[in-house]
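Trainee: Before I ask anything, here is the structure I am working with.
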Amino acid sequence: AAPASLDFIREMIAADVAAQRNDGWVITRFPPEPNGYLHIGHAKSICLNFGLSLENAPKARCHLRFDDTNPTKEEVEYVDSIQEDVKWLGFDWGDHLFYASDYFEKLYGFAVQLIEKGLAYVDDQTPEEMRATRGTLTSPGTASPYRDRSPAENLDLFARMRAGEFEEGSRVLRAKIDMASPNMNMRDPAIYRILRAHHHRTGDAWCIYPMYDYAHPLSDALEGITHSLCTLEFEHHRPLYEWLIANVSGLPGQPYQREFARLNLTNTVMSKRKLLRLVKEGLVNGWDDPRMPTISGIRRRGYTPSAIRTFCKTIGLTKYPSLTELTLLEHCVREDLNKHAQRVYGVIRPIKVVLTNYPEGQVEHVELVNNPENEADGKRQVPLSRELFIDADDFMETPIQGFHRLVPGGEVRLKYAFCIICQEVIKDEAGNIVELRCTYDDATRHGVKPVGRPKVKGTIHWVSAAHALDVEVRLYDKLFLDEQPEEAAGEDGDFTQLISPQSLEVVTAKLEPSVAEAKPGTHYQFERVGYFYTDPKDSLPGKPVFNRTVALKDGFVK
Ligand code: ATP
Ligand code: MG
Ligand code: MG
7 AAPASLDFIR EMIAADVAAQ RNDGWVITRF PPEPNGYLHI GHAKSICLNF GLSLENAPKA
67 RCHLRFDDTN PTKEEVEYVD SIQEDVKWLG FDWGDHLFYA SDYFEKLYGF AVQLIEKGLA
127 YVDDQTPEEM RATRGTLTSP GTASPYRDRS PAENLDLFAR MRAGEFEEGS RVLRAKIDMA
187 SPNMNMRDPA IYRILRAHHH RTGDAWCIYP MYDYAHPLSD ALEGITHSLC TLEFEHHRPL
247 YEWLIANVSG LPGQPYQREF ARLNLTNTVM SKRKLLRLVK EGLVNGWDDP RMPTISGIRR
307 RGYTPSAIRT FCKTIGLTKY PSLTELTLLE HCVREDLNKH AQRVYGVIRP IKVVLTNYPE
367 GQVEHVELVN NPENEADGKR QVPLSRELFI DADDFMETPI QGFHRLVPGG EVRLKYAFCI
427 ICQEVIKDEA GNIVELRCTY DDATRHGVKP VGRPKVKGTI HWVSAAHALD VEVRLYDKLF
487 LDEQPEEAAG EDGDFTQLIS PQSLEVVTAK LEPSVAEAKP GTHYQFERVG YFYTDPKDSL
547 PGKPVFNRTV ALKDGFVK
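Below, the structure is given as structure tokens:
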């Protein structure tokens, strides 16, 4: 028996394996339509399907199948990006890469078979007529006047549809099931349509294309898929799936379909149609904009494959729709980066500090640990001198309660160096703070608290001004401040109006000199600030650009 901790899908599969269904094989597939880039929701399906194949090895595998039956929206660019993204997530389909379009001839043959069995017919009604005769949830549909055409007539018409004799939209092939079914998908659904569209793989070989609901189950069967796992919106399509598997003869496999709830994430939109709009309308900088929930976007932002896999494991699988907090994903990212991101000192919004009692021209080096989580990462020397930068957030002229960092007349510890006291605040004519004049206390090095002195509560990071690098840092934040942007926009509203103006802020930060040679695609923790990633596209040798992956903590840092 399956352990109690298994989700309902794994429980079901464990039972099938135990019963030796399909000889104990578990063959799953991830079936994207190549009409856009993959997003974090797809990652849930990828982790499930490829995960099952790893868990059930050696009698298991997972196919990557492009469900490319809708030529007007599909492109090779998407096919390529999808493969790159699945690999990046850490999964491997081996030799099992398939395209539904490879089955077009076989699928056509199955349709001929259904016609011969009297289970499919060519309908000449207009799309409007078909819609009007479908009936409603409470009333049955009306049979098409063409429903009782003979198999011979249907075979002839279907062959001529394929030969290109008819106008686009003038005829469809429908499965002959039940116009009174309570399930609308069973009221003689269209299974082939005429579409004069160039296909990215089959070119102009076809002018009729199978409908998704027809092609999908039969493709599963052709590949020997045992478990066809999809999201809940396909639950009402399951009877059609089963009808096709039962009524087409000669299928090499007998797959069945089960549904799980899709991932919905707060503060973003996820459907490809909406993501496409953001890209096409230039509201983001492409599919891989680090604010996008696409795999390519979060990769460029600095999320890691293992963090995403952990996230997918954490959210689990349910049969009921739910909304997952973006903060959970961010938590998984922090946990993972904490283990391997190299630490550096970086000041995002610099204020200059002058140590008035520190000798001019003197430079000392402080030895800092590269990663307290991994001793093997070693140590580095960071210069310290009379003029420094600290973060504007670490100083308050009129401190709020509980603020333990630098304040006028107050004392703070410069991390791994010594304590300083703010003696004077220098402002420009407009009243902006331009410099803090401070004194340092040599007796406080190495964490020492001289006897009789009050305890210094705050510790802040710093960068030597003379040695600091000016570096472009892109501070990414939630794309939408609303948890559910589509709902917030309302029926007639436009979610794109709700894009957060704070979703991207570009600053010039002051970073410690060791990052000058930072390679593109490296993770860092700017101590006390957050995790940052050297942008793989825009970083140049000696001139890295950093993307904020995620802040160290939510909200106020004491
Ligand atoms: P979208 O609705 O976002 O445009 P889709 O479902 O049309 O996506 P497909 O390319 O058909 O995109 O998806 C491939 C697989 O990924 C399908 O099996 C689908 O059920 C699954 N999938 C898509 N979105 C999610 C999601 N948010 N959570 C879990 N699985 C998803
Ligand atoms: Mg789809
Ligand atoms: Mg879709």
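Residues 7 to 564 in UniProt numbering are what the sequence shown spells out, letter by letter. Glycine residues also receive a C-beta, built at the ideal position from the N, C-alpha and C atoms.
What do you get for H371, buried or exposed, if any count of 16 or more other CB atoms within 10 angstroms of its CB means buried?
Mentor: Counting from one through the sequence shown, the residue named residue 371 turns up at place 365. The residue is exposed, with fewer than 16 neighbouring Cβ atoms inside 10 Å.
Trainee: In the DSSP assignment, find the beta strand (DSSP E) that holds E229 and state where it starts and stops.
Mentor: For the purposes of this step, residue 229 is taken as the residue at position 223 of the sequence shown. That residue, E229, is in no beta strand (DSSP E); its alpha helix (DSSP H) goes 218 to 229.
Trainee: Can P311 be considered in contact with ligand 1, in the sense that its beta carbon sits closer than 7 Å to one or more heavy atoms?
Mentor: Counted from its first residue, the sequence shown places residue 311 at position 305. Not so, every heavy atom of ligand 1 lies at least 7 Å from the Cβ.
Trainee: Mind pulling the alpha helix (DSSP H) runs of 4 or more residues that sit fully within the region 479 to 505?
Mentor: Those alpha helix (DSSP H) runs which fall completely within the region 479 to 505 and span 4+ residues are 491 to 495.
Trainee: Around the Cβ of E336, are there at least 16 other Cβ atoms within 10 angstroms (buried) or fewer (exposed)?
Mentor: The residue labelled residue 336 in the question sits at position 330 within the sequence shown. Buried: at least 16 other Cβ atoms inside 10 Å.
Trainee: Cβ atoms of A66 and V92: under 8 Å apart, would you say?
Mentor: Here residue 92 is taken as the residue at index 86 of the sequence shown, counted from 1. Here residue 66 is taken as the residue at index 60 of the sequence shown, counted from 1. A distance of 8 Å or more separates the beta carbons of V92 and A66.
Trainee: Is it buried or exposed, K325, if we count other Cβ atoms within 10 angstroms and call 16 or more buried?
Mentor: Position 319 of the sequence shown, counted from the start, is the residue given in the question as residue 325. Result: exposed.
Trainee: Which residues neighbour ligand 1 when neighbourhood means a C-beta less than 5 Å away from any of its non-hydrogen atoms? List them by chain order.
Mentor: P38, E39, G47, H48, K50, S51, C236, T237, R268, L269, S277, K278
Trainee: Give me the residue from Q348, P389, S87 with the minimum Cα distance to G368.
Mentor: Within the sequence shown, numbered from 1, the residue matching residue 368 stands at position 362. This sequence places Gln at residue 368; Gly is not what is there. Checking every option, the nearest Cα to that of Q368 belongs to P389.
Trainee: Tell me, please, which residues DSSP counts as bridged to R554.
Mentor: As a working note, residue 554 is residue 548 in the sequence shown. Paired residue(s): F538.
Trainee: I'd like to confirm the pairing. Which residues does DSSP put opposite S470 in its beta bridges?
Mentor: Locating residue 470 in the sequence shown gives position 464, counting from the first residue. Per DSSP, L394.
Trainee: Quick one: what does DSSP say Y105 is sitting in, helix, strand or coil?
Mentor: Against the sequence shown, residue 105 aligns to sequence position 99. Residue state, collapsed to three classes: strand.
Trainee: How about T139 and S150: are their beta carbons less than 8 Å apart?
Mentor: To locate residue 139, count along the sequence shown from 1; it is residue 133. To locate residue 150, count along the sequence shown from 1; it is residue 144. Yes, the pair counts as a contact, with Cβ atoms nearer than the cut-off.
Trainee: Is DSSP giving L364 helix, strand or coil here?
Mentor: By one-based count along the sequence shown, residue 364 stands at place 358. Checking the sequence shown, residue 364 turns out to be Tyr, not Leu. Here Y364 sits in coil by DSSP.
Trainee: Pull up the CB-CB distance for V462 and R411, whole angstroms please, since I reckon it's below 8 Å.
Mentor: Counting from 1 along the sequence shown, the entry for residue 462 is found at position 456. Counting from 1 along the sequence shown, the entry for residue 411 is found at position 405. Not confirmed; about 10 Å, so no contact.
Trainee: Identify, in the order they occur along the chain, each residue of the same chain with its Cβ nearer than 7 Å to the Cβ of E265, setting aside the five sequence neighbours on each side.
Mentor: By one-based count along the sequence shown, residue 265 stands at place 259. Hits under 7 Å: C236, T237, L238, F240, E241.
Trainee: Beta-carbon separation of S302 and S87 under 8 Å?
Mentor: Here residue 302 corresponds to residue number 296 of the sequence shown, with the count starting at 1. Here residue 87 corresponds to residue number 81 of the sequence shown, with the count starting at 1. Yes. Within cutoff.
Trainee: Report all residues from its chain with a CB closer than 7 Å to the CB of P405; omit the five preceding and five following residues, and keep chain order.
Mentor: Taking the sequence shown and counting its residues from 1, the one referred to as residue 405 is at position 399. Once the five neighbours on either side are set aside, the close Cβ partners of P405 are V413.
Trainee: Does any CB atom of chain B fall closer than 8 Å to the CB of G96?
Mentor: The structure shown contains no chain B; it holds only a single protein chain.
Trainee: I believe E417 touches I427 by the beta-carbon criterion, under 8 Å. Please report the beta-carbon distance rounded to the nearest angstrom.
Mentor: The residue you call residue 417 lines up with position 411 of the sequence shown. The residue you call residue 427 lines up with position 421 of the sequence shown. Indeed they touch by this definition, with Cβ atoms about 5 Å apart.
Trainee: Indicate whether the contact test is met: 3 or more Cβ pairs, each with one atom in the region 115 to 123 and one in the region 249 to 266, closer than 8 Å.
Mentor: yes
Trainee: Taking buried to mean at least 16 other C-beta atoms within 10 Å of its own C-beta, is S176 buried or exposed?
Mentor: Position 170 of the sequence shown, counting from 1, holds the residue named residue 176. The residue is exposed, with fewer than 16 neighbouring Cβ atoms inside 10 Å.
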